[in-house]
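A quick write-up on the structure given underneath.
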Amino acid sequence: MSEDDGAWFAAKSHGYGSGLPVAWQGWVVLVGYVAIMLAAGLLIEWDAEFGAPVGIAIFFIATVALTFIAKAKTRGGWKWRWGKKD
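Sequence positions in the sequence shown follow our numbering and run 802 to 887.
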(Lines of atoms letter the chains of each structure in order from A and count residues from 1; the text may use other names and numbers.)
(Lines give C-alpha, C1' and ligand atoms only; values in the text may rest on other atoms or scores of the structure.)
Protein backbone atom coordinates (compact mmCIF):
# COMPACT_ATOMS: atom_id res chain seq x y z
CA MET A 1 0.00 0.00 0.00
CA SER A 2 1.01 3.58 -0.46
CA GLU A 3 2.76 5.27 2.44
CA ASP A 4 0.66 8.40 1.84
CA ASP A 5 -2.73 6.74 2.20
CA GLY A 6 -3.81 8.72 5.27
CA ALA A 7 -3.59 5.74 7.61
CA TRP A 8 -2.67 6.35 11.25
CA PHE A 9 -2.38 2.68 12.24
CA ALA A 10 -0.89 -0.38 10.59
CA ALA A 11 -3.00 -3.47 10.11
CA LYS A 12 -2.16 -6.47 12.27
CA SER A 13 -0.35 -9.22 10.38
CA HIS A 14 -2.26 -11.95 12.24
CA GLY A 15 -5.79 -11.66 13.60
CA TYR A 16 -8.28 -8.83 13.53
CA GLY A 17 -7.78 -5.15 14.29
CA SER A 18 -5.10 -2.49 14.34
CA GLY A 19 -1.42 -2.73 15.05
CA LEU A 20 0.95 0.02 16.13
CA PRO A 21 0.62 3.60 14.88
CA VAL A 22 2.43 4.46 11.64
CA ALA A 23 1.82 8.24 11.70
CA TRP A 24 2.28 10.92 14.32
CA GLN A 25 -1.49 11.32 14.57
CA GLY A 26 -1.82 7.69 15.61
CA TRP A 27 0.83 8.14 18.29
CA VAL A 28 -0.98 11.23 19.61
CA VAL A 29 -4.24 9.26 19.80
CA LEU A 30 -2.54 6.35 21.56
CA VAL A 31 -0.65 8.52 24.06
CA GLY A 32 -3.82 10.52 24.71
CA TYR A 33 -5.75 7.31 25.37
CA VAL A 34 -3.12 6.11 27.85
CA ALA A 35 -3.17 9.51 29.61
CA ILE A 36 -6.97 9.41 29.86
CA MET A 37 -6.83 5.87 31.28
CA LEU A 38 -4.28 6.94 33.90
CA ALA A 39 -6.35 9.98 34.87
CA ALA A 40 -9.53 7.89 35.13
CA GLY A 41 -7.71 5.34 37.29
CA LEU A 42 -6.47 8.09 39.58
CA LEU A 43 -9.98 9.52 39.79
CA ILE A 44 -11.32 6.13 40.84
CA GLU A 45 -8.56 5.74 43.42
CA TRP A 46 -8.98 9.29 44.75
CA ASP A 47 -12.74 9.25 45.32
CA ALA A 48 -14.49 5.89 45.31
CA GLU A 49 -17.99 7.32 45.78
CA PHE A 50 -18.00 9.88 42.96
CA GLY A 51 -14.88 8.85 41.05
CA ALA A 52 -15.73 5.20 40.46
CA PRO A 53 -18.84 5.74 38.30
CA VAL A 54 -17.28 8.69 36.50
CA GLY A 55 -13.97 6.88 36.01
CA ILE A 56 -15.68 3.78 34.63
CA ALA A 57 -17.70 5.95 32.23
CA ILE A 58 -14.48 7.66 31.10
CA PHE A 59 -12.84 4.25 30.55
CA PHE A 60 -15.78 3.12 28.43
CA ILE A 61 -16.13 6.31 26.35
CA ALA A 62 -12.38 6.59 25.69
CA THR A 63 -12.14 2.92 24.67
CA VAL A 64 -15.10 3.21 22.29
CA ALA A 65 -13.59 6.40 20.79
CA LEU A 66 -10.19 4.73 20.34
CA THR A 67 -11.84 1.73 18.68
CA PHE A 68 -13.75 3.88 16.18
CA ILE A 69 -10.71 6.02 15.37
CA ALA A 70 -8.43 3.01 14.95
CA LYS A 71 -10.94 1.20 12.77
CA ALA A 72 -11.43 4.24 10.53
CA LYS A 73 -7.71 5.00 10.24
CA THR A 74 -6.16 1.52 9.85
CA ARG A 75 -4.28 0.84 6.64
CA GLY A 76 -6.31 -1.73 4.69
CA GLY A 77 -9.18 -1.73 7.17
CA TRP A 78 -10.04 -4.30 9.78
CA LYS A 79 -10.33 -7.86 8.55
CA TRP A 80 -9.03 -11.22 9.65
CA ARG A 81 -5.44 -11.77 8.52
CA TRP A 82 -3.49 -15.00 8.49
CA GLY A 83 -0.05 -13.45 8.04
CA LYS A 84 -0.08 -13.30 4.26
CA LYS A 85 0.53 -10.02 2.45
CA ASP A 86 -2.62 -8.22 1.27
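Backbone N, C-alpha and C define an ideal beta-carbon position, used for all residues, glycine too.
Excluding its 5 nearest sequence neighbours in each direction, Val823 has C-beta neighbours in its own chain below 8 Å: Ala808, Trp809, Phe810, Ala811 and Arg876, listed in chain order. The C-alpha of Trp881 lies about 31 Å from the C-alpha of Leu839. Taking each of Asp805, Phe869, Trp879 and Ala858 in turn and checking the Cα distance to Gly842, the smallest one comes out for Ala858. Close CB contacts of Gly884 within its chain, under the 8 Å cut and outside five residues either way in sequence, are with Ser814 and His815 (chain order).
Secondary structure at Ala812: strand, using DSSP grouped into helix, strand and coil. Here DSSP, grouped into helix, strand and coil, assigns Gly820 to strand.
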